[in-house]
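Asker: Before anything else, here's the structure in question.
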Amino acid sequence: MNFRHTSGIYGNYSGEKLNCQGNAYYQYGRNRKGHKLSATLIEAEISLKTGKLTPGAGISLLSGNDKTPGPDETDKLFDPLYGNRHGFNGNMDYFTNYPLQTGQGGLADYYLWLDYKFSKKVSVRNTIHFFNLADTNPGTPDDKALGFENDLVLKYRFSDWGNLESGYIFFNQTETLKEIQQTGSDNFNQFFYVQLTLTPNLFKQTNSTSK
């Protein structure tokens, strides 16, 4: 039997204005085909709250293969396995199947964001992502650049049980991404959404006092 093991560390610091977090994970063992496995995931974020404005920056590095995987080669592609992948590496979800969507090359996501709170109920956040292959191999183009994504999201919490969210997302892809994912001739892709979330408390227990 083949076993994939994942070990790592996670740390965070939360101050009055400065917030930092980071993690590092290592995968080892054997992949599904029985090939030796040695892969890493490194992530870090930092943000600084200045009144209503909070800028931040982050990086996410999933290692990839620099050679064609084979019985005599070590598999270096990190697999997040069972986690929810929506919302990570951009809202466009271009990268949820890493072996297929990066050509086994892994992924480097460098991102910046700016969060502004108009009030306790209304906030807006803009995040930009710069995507690159972590490694190139015979199955990928030599150019590592994959594309640029912008996520603009407006949130309005109108009550304790309701939240309204709208967003405008666009992605400008490179020739490398088009070749790997066979996405077609359009360089620019976009979408707009509106999302209503309701979390009513249907059964509320109150303490009664008897006289």
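The numbering of the sequence shown is my numbering, which starts it at 4 and goes up by one.
Beta carbons: idealized from backbone N, C-alpha and C, even for Gly.
1) What does the alpha-carbon distance come out to for the pair F81 and N15?
2) Does the segment 131 to 146 touch the segment 157 to 173, meaning 3 or more C-beta pairs lie closer than 8 Å?
3) Determine contact between the segment 56 to 73 and the segment 104 to 115, defined as no fewer than three beta-carbon pairs at a distance below 8 Å.
4) Note down the Cα distance separating S41 from Y29, rounded to an integer number of angstroms.
5) With DSSP as the reference, label R97 as helix, strand or coil.
6) Quick one, are the C-beta atoms of D154 and G142 less than 9 Å apart?
7) Quick one: what does DSSP say L205 is sitting in, helix, strand or coil?
8) Are the segment 175 to 190 and the segment 119 to 130 in contact at 8 Å, needing three or more beta carbon pairs?
9) Note the first and the last residue of the continuous alpha helix (DSSP H) segment covering E182.
10) Just checking T105 against the ligand FMN - is the residue's beta carbon closer than 8 Å to any of the ligand's heavy atoms?
11) Name the DSSP beta bridge partners of L80, please?
12) Excluding the 5 residues preceding and the 5 following L115 in the sequence, name in chain order all residues of the same chain whose CB lies nearer than 6 Å to its CB.
13) Beta-carbon separation of P74 and K36 under 9 Å?
14) According to DSSP, simplified to helix, strand and coil, what is P72?
15) Quick one: what does DSSP say Q107 is sitting in, helix, strand or coil?
16) Would DSSP call P144 helix, strand or coil?
17) When you compare only the Cα positions, how much space is there between K181 and T77?
Answerer: This is what the structure gives:
1) 22 Å
2) Touching, no.
3) yes
4) 7 Å
5) According to the sequence provided, residue 97 is Tyr. The question's Arg does not apply to it. Residue state, collapsed to three classes: coil.
6) no
7) Coil at L205, not helix or strand.
8) No contact exists between the segment 175 to 190 and the segment 119 to 130.
9) E178 to Q184
10) Inclusion of the ligand FMN in the displayed structure is not the case, the ligand content being empty and no account of it being possible.
11) Its beta-bridge partners do not exist; DSSP assigns none.
12) Only A60 and I131 meet the Cβ criterion.
13) yes
14) coil
15) In this structure, Q107 counts as coil in the three-state DSSP scheme.
16) coil
17) 27 Å
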